[in-house]
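Written below as C-alpha cells is the structure these notes are about.
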Amino acid sequence: MQTLKHMTARFKDNGLFSAENELAVEELLEIYVDDSPYAITMRLPGDDINLAAGFCFTEGIIRSYDDIASIEHCEAIPGERRVMVHLSRDRKRAKSVRKERAEYLSKSSCGLCGKREAEEIFDDIPPVETCRHIELEEILRLKDVFEGRQAIFPRTGSTHSAAAFDDRANLLAFAEDIGRHNAFDKVIGALLKTRELGKVFLGVVSSRLSFEMVQKAGVAGFEVFAGLSAATSLAVAMADRLNMTLIGFLREKSMSIYTHPERVLRC
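Take the sequence shown: its letters are residues 532 to 798, numbered as in this note's numbering.
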C-alpha cells in the first residue's frame with residue numbers, strides 16, 4: 532500500500548469543512564549487508580529491492596549487479612521492512628562495510644552519511660569523458676514526459692520523482708518516493724538489474740539539486756542532470772568538476788544551466 536485516506540478539517544474561502552485527503556505512506560526500511568545492519572531510511576513502500584541495490588551502488592558497496600549474490604526481503608520481519616543484501620564472494624568487503632556502517636546508522640535520511648571529506652568524494656568519481664548533445668526543446672519535452680509519469684504526487688503532493696533517459700530520449704526508468712535520494716536510488720537500482728545503467732544520459736529529479744544527488748548522478752554516469760528546483764553551491768562545484776551538465780529550475784519554457792552548457796543545443 533502506497534497511499535491511505537485520512538479525514539481532515541479544511542479551511543477555504545472563509546469556511547471550515549471536512550474533506551478526505553490521500554496521504555503517501557511513509558515506512559521504515561532497513562538495509563542489511565551480509566547479515567549486518569548498514570542503513571535505515573524512511574521510504575514509500577515499493578521497489579525496495581531496486582532501492583537497496585541502487586543505494587549499495589551509489590555507496591560504493593557494489594560495482595555492478597553481479598556483485599550481489601542475493602537480495603531479498605527478510606521473511607522473518609513482518610511488512611517487508613528489511614532487505615537483505617549478500618555480496619558475491621569476489622566482492623566481500625566485511626571490514627570496510629562494518630566501518631562505514633557504524634557511521635551511517637545514526638543519520639538515516641542523508642545519502643552521504645558515513646562518507647569522508649567532500650574532496651575525497653570528488654576524487655572517488657571519475658569525470659564524464661563524453662560530450663553528447665541534446666536540444667533544449669527536447670529537455671523541455673522530456674520534463675513533460677517525466678511529470679506525466681507521476682502517479683502518487685498528484686494525489687498526495689508529498690512525493691519526489693526521478694527518471695533516467697538515454698541519448699535518444701527513451702525513458703529507461705522512473706520511480707517515486709517520499710525521499711528524493713530514495714527515488715533516484717530506485718531508478719539506478721532498476722537499471723542495474725536490467726543491465727541498462729550504461730545507457731543513461733539525462734537524469735531528471737523533482738527536487739533541488741544537492742551535493743548528494745549530484746554524487747549519485749556522477750557515480751551512475753549521467754552526462755546531464757536536471758532538477759525542478761535550484762542547485763546548491765557544492766552541487767554546482769561537483770558537477771563542474773565531473774564535467775556534468777547541471778540544470779535547475781526546469782520549467783515549462785525555461786531552465787537554468789549551471790555547468791557545461793555546451794551540451795545543450797538550440798534548434
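Just so it is clear, CB atoms sit at the ideal spot from N, CA and C, and this is done for glycine as well.
Using DSSP with H/G/I as helix, E/B as strand and the rest coil, what is residue i?
i, result
"Phe588", "helix"
"Phe753", "coil"
"Leu582", "helix"
"Ala607", "coil"
"Val731", "coil"
"Arg726", "coil"
"Arg794", "helix"
"Ile593", "coil"
"Val767", "helix"
"Ala762", "strand"
"Glu551", "strand"
"Ala721", "helix"
"Ala706", "strand"
Residues in its own chain within less than 8 Å of residue i by CB, not counting five upstream and five downstream?
i, result
"Ala555", "Gln533, Thr534, Leu575, Ile683, Thr687, Ser689, Thr690 and Ile709"
"Ile602", "Ile580, Ala583, Ala584, Val614, Met615, Val616 and His617"
"Glu666", "Val795, Leu796, Arg797 and Cys798"
"Tyr563", "Tyr569, Cys605, Arg613, Val614, Met615 and Val616"
"Gly752", "Val659, Leu728, Gly729 and Val731"
"Glu611", "Pro576, Asp579 and His604"
"Lys623", "Asp565"
"Arg620", "Ala600"
"Glu553", "Thr534, Leu535, Lys536, His537, Arg686 and Thr687"
"Lys784", "Leu671"
Would you call residue i buried or exposed, if buried means 16 or more other Cβ atoms sit within 10 Å of its Cβ?
i, result
"Ala704", "buried"
"Leu560", "buried"
"Asp578", "buried"
"Ile719", "buried"
"Asn545", "exposed"
"Glu707", "buried"
"Lys608", "Note on identity: in this sequence residue 608 is Ile, with Lys being the wrong assignment. Per the 10 Å Cβ criterion, exposed."
"Asp716", "buried"
"Gly758", "buried"
In whole angstroms, give me the CA-to-CA distance for residue i and residue j.
i, j, result
"Val750", "Val736", "16 Å"
"Leu777", "Phe756", "5 Å"
"Tyr789", "Met775", "10 Å"
"Ala694", "Ala748", "11 Å"
"Ile593", "Leu723", "10 Å"
"Ala700", "Ala766", "24 Å"
"Thr539", "Leu547", "10 Å"
"Glu557", "Thr572", "10 Å"
"Leu740", "His791", "15 Å"
"Thr725", "Asp597", "11 Å"
"Leu671", "Asp697", "15 Å"
"Ser692", "Ala770", "20 Å"
"Lys543", "Ser549", "11 Å"
"Glu590", "Asp675", "30 Å"
"Thr763", "Leu733", "19 Å"
"Leu673", "Met744", "19 Å"
"Gly779", "Cys587", "27 Å"
"Met786", "Phe742", "19 Å"
"Lys626", "Arg711", "Low confidence applies here, because Lys626 scores a pLDDT of 43, under 50, leaving its location unreliable and the question unanswered by this model."
"Ala761", "Ser567", "37 Å"
"Ala721", "Glu551", "34 Å"
"Arg782", "Ser738", "13 Å"
"Ala768", "Gln746", "11 Å"
"Glu678", "Asp654", "34 Å"
"Ser595", "Arg541", "49 Å"
Among residues of its own chain, excluding the 5 on either side of residue i, which ones have a beta-carbon nearer than 6 Å to its beta-carbon?
i, result
"Glu727", "Leu703"
Tell me which residues share the same chain as residue i and place their Cβ nearer than 7 Å to its Cβ, disregarding the 5 neighbours each side in the sequence.
i, result
"Leu773", "Ile656, Pro658, Val659 and Gly749"
"Asn713", "Thr572, Arg574 and Leu582"
"Glu754", "Val659, Thr661, Arg663, Phe732, Met775, Thr776 and Arg794"
"Gln681", "Ser692 and Glu707"
Worksheet item: What are the start and end residues of each continuous alpha helix (DSSP H) run of 4 or more residues lying completely inside the region 653 to 692, in chain order?
Response: 667 to 679 and 684 to 687
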